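For the record, the sequence lines run as chains A and B.
So the first sequence is numbered by the numbering used here: it starts at 1 and just counts up by one.
So the second sequence is numbered by the numbering used here: it starts at 1001 and just counts up by one.
Glycine included, each C-beta is placed from N, C-alpha and C at the ideal position.
Note that the coordinates shown come from a computational prediction; the quantities given were computed from them, not determined experimentally.
Structure first, then comments.
Protein chains: 2
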Amino acid sequence: MYPPPIENLIKQFSKFPTVGPRTAARFVFYLLRAPEEEVKKIIEGISNLKKEVKLCSFCFKPYTGKGNLCEICYDTTRDRTKICVVEKEMDLEAIEKTKKYNGLYFILGGTIPLLKKEPKKIRINELIERIKDPVIFHLFNASIQEIIIATNPTPEGDATANYLEKKLKPFNVRITKLGRGLPIGGELEYADEETLSEALERRK
Amino acid sequence: MYPPPIENLIKQFSKFPTVGPRTAARFVFYLLRAPEEEVKKIIEGISNLKKEVKLCSFCFKPYTGKGNLCEICYDTTRDRTKICVVEKEMDLEAIEKTKKYNGLYFILGGTIPLLKKEPKKIRINELIERIKDPVIFHLFNASIQEIIIATNPTPEGDATANYLEKKLKPFNVRITKLGRGLPIGGELEYADEETLSEALERRK
Chain A
1 MYPPPIENLI
11 KQFSKFPTVG
21 PRTAARFVFY
31 LLRAPEEEVK
41 KIIEGISNLK
51 KEVKLCSFCF
61 KPYTGKGNLC
71 EICYDTTRDR
81 TKICVVEKEM
91 DLEAIEKTKK
101 YNGLYFILGG
111 TIPLLKKEPK
121 KIRINELIER
131 IKDPVIFHLF
141 NASIQEIIIA
151 TNPTPEGDAT
161 ANYLEKKLKP
171 FNVRITKLGR
181 GLPIGGELEY
191 ADEETLSEAL
201 ERRK
Chain B
1001 MYPPPIENLI
1011 KQFSKFPTVG
1021 PRTAARFVFY
1031 LLRAPEEEVK
1041 KIIEGISNLK
1051 KEVKLCSFCF
1061 KPYTGKGNLC
1071 EICYDTTRDR
1081 TKICVVEKEM
1091 DLEAIEKTKK
1101 YNGLYFILGG
1111 TIPLLKKEPK
1121 KIRINELIER
1131 IKDPVIFHLF
1141 NASIQEIIIA
1151 TNPTPEGDAT
1161 ANYLEKKLKP
1171 FNVRITKLGR
1181 GLPIGGELEY
1191 ADEETLSEAL
1201 ERRK
């Protein structure tokens, strides 16, 4: 057992994604060794985060600036008939980088847990709300015609995609999913069986 | 690119041990999603750390409490003729848990980098200072007779151990290293070659 101020911070850091108690302890000892100035910067960084960054009231993308919509939702040149549903912020950025998508997004904030029956914490109700009545989000006068479910090709992501598909069926929208197959630049030799099977099935 | 307050904090978290920019980004988005109360606790935890925790002026172990020595260095029942040199705080705790060691410690704060010629940042000069003249640290009237180099059995740890051995040779102290061999409870079948070779060499 370490002194209480250390144990306490280990507990806090252990809640961070991918961080267990051992890694959390390493973080604390890093901070203990770090110069005062460095620690100050981290504290300021965390404080400013919540002060300066808002979550878009339509898609939940973090943004700075005026209004209650992010720059994507605010942009009138984007195709507001499409919503691409992603698990997290970094997935949105990855899709934006392709420059092949001009619609809107919706950040679920995670996946449904595989072992529990009911999805928790992720923004499924919020998504349905937006599909039901996008007009209440002011800038939207077009109705949504396509929902692209872009969860990750993992068991959790797939379960979430299936669950969403069921939940969104009653609404009159086209539901699509990202294509599966060989990653560009990859070699057949190293592709896992499932990817290769999907690639075979989706051949054209 | 994310908004500046996010990019800034990603940069800070990327300096944490084992954390790359992708994981750092996940931390930032975790904080953005976390309730205000939770973020406050983290900020307080980090602030309190530097306020409440001191580093022992002999061994650099973090401690709370009065004086300028940690509870181990302060404890007169401990054998002050021995110093066990470890890479980091968690290694010290691991050795303490065995209850088989009653001497003092010294936390190096890392290993020497494998690719550079001169060791940097780790407390080799401080260690030499303590061996040269332990009396200046007040409570020590015995001279140090044994240095146990307990760096990790990794390439970096071994390089550091060898470097330390050379550096400490001029002082009239016995230098020992931790025994190598099969970990208790492990099976031969799963032991890596090097461990098994060491185990064979050290058979008795």
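- DSSP, read as helix, strand or coil, puts residue 1003 of chain B in coil.
- Interface annotation, residue 1048 of chain B: in contact with chain A, CB-CB separation under 8 Å.
- Taking a contact as a CB-CB distance under 8 Å, the pair residue 110 of chain A and residue 87 of chain A counts as one, their CB atoms being some 6 Å apart.
- In the DSSP assignment, the residues bridged to residue 1055 of chain B are B:1062.
- Counting of Cβ neighbours within 10 angstroms places residue 1077 of chain B among the exposed residues, the total staying below 16.
- Relative to the Cα of residue 1178 of chain B, the nearest Cα in the group B:1083, B:1132, B:1075 and B:1189 belongs to B:1083.
- The three-state reading of DSSP puts residue 187 of chain A in coil, since its state is none of H, G, I, E or B.
- The stretch 1160-1174 of chain B and the stretch 1190-1197 of chain B do not touch, with fewer than 3 CB-CB distances between them shorter than 8 Å.
- By the 16-neighbour rule on beta-carbons within 10 angstroms, residue 151 of chain A is buried.
- Sequence-distant partners of residue 60 of chain A (beyond 5 residues in either direction) whose C-beta falls short of 8 Å from its own C-beta, in its chain, are 106, 107, 109, 123 and 126.
- Identification of residues in the stretch 1093-1116 of chain B having a C-beta nearer than 8 Å to some C-beta of chain A yields 1093 and 1109, given in sequence order.
- Interface annotation, residue 1020 of chain B: not in contact with chain A, CB-CB separation never under 8 Å.
- About 6 Å separates the CB atoms of residue 32 of chain A and residue 1049 of chain B; that is less than 8 Å, so the two are in contact.
- Under the three-state reduction of DSSP output, residue 70 of chain A falls in the coil class, being neither helix nor strand.
- Taking a Cβ-Cβ threshold of 7 Å, the residues of chain B close to residue 43 of chain A are 1043, 1046 and 1047, in chain order.
- Closer than 8 Å to the CB of residue 1164 of chain B there is not a single CB belonging to chain A.
- Taken atom to atom, the span from the alpha-carbon of residue 1062 of chain B to that of residue 133 of chain A is near 56 Å.
- Put simply, the CB of residue 148 of chain A is far from chain B, with every gap to its CB atoms at 8 Å or more.
- Taking a beta-carbon distance threshold of 8 Å, residue 1125 of chain B does not count as an interface residue toward chain A.
- Within the same chain, and ignoring the five residues on either side of residue 1039 of chain B in sequence, the residues whose Cβ sits closer than 7 Å to its Cβ are 1031.
- Residue pairing by DSSP places residue 1146 of chain B opposite B:1082 and B:1174 in a beta bridge.
- From the listed residues A:130, A:156, A:93 and A:42, the smallest Cα separation to residue 147 of chain A is found for A:130.
- In the same chain as residue 128 of chain A, and ignoring 5 residues on each side of it, the C-beta atoms closer than 8 Å to its own belong to 167, 168 and 171, in chain order.
- Residues of chain B whose Cβ lies closer than 8 Å to the Cβ of residue 6 of chain A are, in chain order, 1049, 1053 and 1062.
- In the displayed model, residue 1101 of chain B falls within coil according to three-state DSSP, outside both helix and strand.
- Minimum Cα-Cα distance from residue 1155 of chain B among the listed residues B:1145, B:1113 and B:1149 corresponds to B:1113.
- The beta carbons of residue 1089 of chain B and residue 29 of chain A sit closer together than 8 Å.
- For residue 1131 of chain B, the secondary structure class from DSSP, reduced to helix, strand or coil, is helix.
- Residue nearest to residue 1121 of chain B within the set A:73, A:35 and A:21 is A:35 (criterion: CA-CA distance).
- Non-local beta-carbon contacts of residue 6 of chain A in its own chain, meaning distances under 6 Å to residues more than five positions away in sequence, involve 28 in chain order.
- In chain order, 147, 165 and 168 place their CB closer than 6 Å to the CB of residue 175 of chain A, counting only its own chain and leaving out the 5 sequence neighbours on each side.
- In the three-state reduction of the DSSP assignment, residue 1016 of chain B falls in the coil class, being assigned neither a helical nor a strand state.
- In the structure shown, residue 95 of chain A adopts helical secondary structure according to DSSP, grouped into three states.
- If you look at residue 1195 of chain B, you'll find it in the alpha helix (DSSP H) that goes 1193-1201.
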